[in-house]
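Notes follow the structure.
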Amino acid sequence: MIKLGVNIDHVATIREARKGCEPDPVHAAALAELSGADGITVHLREDRRHIQDRDLKILRSTVKTRLNLEMAVEEEVVKIAEEIRPEMATLVPEKRQEVTTEGGLDVVSGKERIKEVIKRLKKQNILVSLFIDPDKKQVEKSAELKADFIEFHTGCFANTVGKEHEKETERLHLMAELAVKLGLRVNAGHGLNYWNVSEVVSMAGIEEFNIGHSIISRAVLVGLERAVREMKDAIRNAELLRKI
Ligand code: PXP
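Taken in order, the sequence shown gives residues 1454 to 1697; the numbers are from the working numbering.
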């Protein structure tokens, strides 16, 4: 069965909107695991806009399934990964201005640094995945760099419709076949949701989807009814106590 890695960055984004302590991504990770998630994914960004160092440290000791750290190849975060030793590190590009990871890592132009980082992470027994676009040159270079996994950036697939979407879907499937042929293990993520996931389950070799936004968005809606009811109860109980 294809595994599900739940990306909990979005929980931390809500917390950081108030710079407070709720909702805690550590609690979200535990609930996701209790509900059957096969892994927990977090991105420690250079600007710490959502996940904080404290989250990563606690998650390292509380995640029972598998911790996947998305990270840029910046020295500061490479050192943190070597120390924290997640089960998997997914190397991603990072731009300060972007809303989210907007494209795959260019492993062709960044090959020297990526090669060095892969070597260092593997030395710590961390599986290394490269988050790349479904592009022939990127897949071939990933195999040459001896990454364990590639994660296909499914953003273009998710954000297109009609003929363009068909083309993107075919591109993903073809590149997954190539990746498997070259000995790479295959994951995919970005923009996957409850509807489009059905179109990628048949990708060659697909082992895991990493999904965040869609799951957290749904959680807000399916959990809202209970949350409102609980607040009404809290108010009513407080009023009753005051009258006693
Ligand atoms: N995989 C990677 C490498 C990502 O950077 C992201 C976005 O944080 C995801 C998966 C999850 O994408 P989404 O939040 O759109 O499901």
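Ideal Cβ placement from N, Cα and C applies to all residues, glycine included. No experiment lies behind these values; they were computed from the predicted model shown.
- Approximately 4 Å separates the beta-carbon atoms of leucine 1580 and methionine 1541; this is inside 8 Å, confirming the contact.
- About 6 Å separates the CB atoms of valine 1561 and lysine 1590; that is less than 8 Å, so the two are in contact.
- DSSP assignment within the region 1629-1686 yields the following whole beta strand (DSSP E) runs of 3 residues or more, N-terminal first: 1638-1642, 1659-1664.
- In this structure cysteine 1609 is buried. Its beta-carbon is surrounded by 16 or more other beta-carbon atoms within 10 angstroms.
- In the assembly as shown, isoleucine 1688 is an exposed residue. Its beta-carbon has fewer than 16 other beta-carbons within 10 Å.
- If you ignore the 5 residues before and after threonine 1622, its C-beta comes within less than 7 Å of the C-beta of Phe1610, Glu1652, all in its own chain and listed in chain order.
- At least one heavy atom of ligand 1 lies closer than 7 Å to the C-beta of histidine 1666.
- Distances between the C-beta of threonine 1543 and the heavy atoms of ligand 1 include at least one below 7 Å.
- Excluding its 5 nearest sequence neighbours in each direction, serine 1595 has C-beta neighbours in its own chain below 7 Å: Val1560, Leu1583, Ile1585, Ile1603, Leu1637, listed in chain order.
- Taking C-beta atoms as the reference points, alanine 1641 and phenylalanine 1662 count as a pair closer than 8 Å.
- In the structure shown, valine 1552 falls within a coil segment according to DSSP collapsed to helix, strand and coil.
- For glutamate 1540, the secondary structure class from DSSP, reduced to helix, strand or coil, is coil.
- The beta carbon of asparagine 1460 is closer than 6 Å to those of Thr1494, Asn1663, Gly1665 in its chain, skipping five residues each way along the sequence.
- Here the C-alpha atom of asparagine 1646 lies approximately 42 Å from the C-alpha atom of glutamate 1692.
- Relative to ligand 1, aspartate 1586 has its C-beta separated by 7 Å or more from all heavy atoms.
- The Cβ neighbour count for arginine 1498, taken over all protein chains shown within 10 Å, is at least 16; the residue is labelled buried.
- In this model, arginine 1519 and aspartate 1686 are separated by some 37 Å (Cα to Cα).
- Scanning the region 1560-1640 from its first residue to its last, the whole beta strand (DSSP E) runs of 3-plus residues come out as 1580-1585, 1602-1606.
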